[in-house]
Structure formats: structure tokens, C-alpha cells
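Report on the following structure.
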Amino acid sequence: MEPPETEGLEGTSGRQSRCEDECSLCEDDSARGRVHSDDIECGLSGWGLALAATFSGSIRTRIWTLDAPLAESLNRARQEGGSTVPYPIPDDIVIEEKYTSDFDENSVLFILAVPSAAVRSAAAELSQHAKSP
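Quick note: the sequence shown, position 18, residue 18 per UniProt numbering, numbers continuous.
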């Protein structure tokens, strides 16, 4: 049985991991425990949108859709909501087709909020779009 299709990859991108005692991003103790992040990338799903809305107030956030026409449609109707997303999407969230641009695998953190059966295939697909430094 094939796993159900998902609307996109959910996740966060950027240096969004909490640092621990031996954090390589922190030169001194003053930054320990902070969240390091450039931006967050989420897929278009309930969990993806919830995570995007949560992070968007403090960090650059993107929602990935399966195709450009859906991204354009959501951008046009972001304040009213619609059939795909029944509530407004915050203005500070960028909506774009997935993999519009490559990302640096060393400075991007993704949280995959896909069905368990799809984690491996989603991660494999995602890895094809990472650029090595």
C-alpha cells in the first residue's frame, strides 16, 4: 500500500536548533541556550501552517507548496483564507513552491511533519536539493 500524498514538506530551516553545553555556534557562554536560525521552511498542512505561524513572529518563515500556481493563489488570498487554508496567513510568512531555491545543509534545520511512512522518502527528496558548502 502506497503512503498517502502529502501537500509538502514541513520543517524549519535556519540555525533553529537550541544550543547545548558544547554548541559549536557559541563562542562563549553568553549565547548558550538561544535559538540559532536564519529562516524556517514549512509545508502546506495543518502542522506546517501551525509551526510557520508560531515561528513567523521571530524568524523569517516560508511555507512550501507543491506548485507555483498554488503558491500564487495562497499569496493572493492570504488575508481572507479560502478552501485550502480557511484562515488568514500572516504577512511575514513567504509562500512559495517547494525547492524554489537550494539551501545550505549546514545552516538549515528542517522539522519534517509528514506521516511516519513518508519520513524516509521526504528526507531523501529534501536531500537532493541541499547544496554543499
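For glycine and all other residues, C-beta sits at the position ideal for the given N, C-alpha and C.
Secondary structure at E27, three-state DSSP: helix, strand or coil? Residue mapping note: residue 27 aligns to position 27 of the sequence shown, counting from 1. Note that E27 scores a pLDDT of 46, beneath 50, so its modelled location is shaky; the value from the coordinates is reported in the next line. Reduced to three states, the DSSP call for E27 is coil.
For G57, which of helix, strand or coil comes out of DSSP? Position 57 of the sequence shown, counting from 1, holds the residue named residue 57. Here G57 sits in coil by DSSP.
Ordered along the chain, which non-local residues of its own chain (more than five positions away) have a Cβ less than 6 Å from that of T54? On the sequence shown, residue 54 is found 54 positions in, with the first residue counted as 1. The answer is none, since no qualifying residue turns up.
What residue from S127, L126, S116, K98 has the CA that sits closest to R62's CA? Against the sequence shown, residue 62 aligns to sequence position 62. Comparing Cα positions, the closest option is K98.
Cβ of P90 within 7 Å of Cβ of G81? Stepping through the sequence shown from its first residue, residue 90 is reached at position 90. Stepping through the sequence shown from its first residue, residue 81 is reached at position 81. Result no, Cβ atoms of P90 and G81 do not sit closer than 7 Å.
Coil, strand or helix - A130 by DSSP: Counted from its first residue, the sequence shown places residue 130 at position 130. Strand, per DSSP.
Please state whether DSSP places G81 in a helix, a strand or coil. Here the question's residue 81 lines up with position 81 in the sequence shown. Under the three-state reduction of DSSP, G81 is assigned to coil, being neither helix nor strand.
How many angstroms separate the CA atom of W47 from the CA atom of A113? The residue you call residue 47 lines up with position 47 of the sequence shown. The residue you call residue 113 lines up with position 113 of the sequence shown. Distance between W47 and A113, taken at the CA atoms: about 7 Å.
With H, G and I counted as helix, E and B as strand and the rest as coil, what does DSSP make of D21? In the sequence shown, the residue the question calls residue 21 occupies position 21. With a pLDDT of only 44 at D21, under the threshold of 50, the placement of this residue in the model should not be trusted, and no figure is reported.
Just confirm the distance between the C-beta atoms of I95 and S56, as a whole number of angstroms; I'd bet it's less than 8 Å. Position 95 of the sequence shown, counted from the start, is the residue given in the question as residue 95. Position 56 of the sequence shown, counted from the start, is the residue given in the question as residue 56. Rounded, the Cβ-Cβ distance is 11 Å, inconsistent with contact.
Option nearest L70 by Cα separation, candidates P86, L44, I59, L51: Counting from 1 along the sequence shown, the entry for residue 70 is found at position 70. The option with the nearest alpha carbon to L70 is L44.
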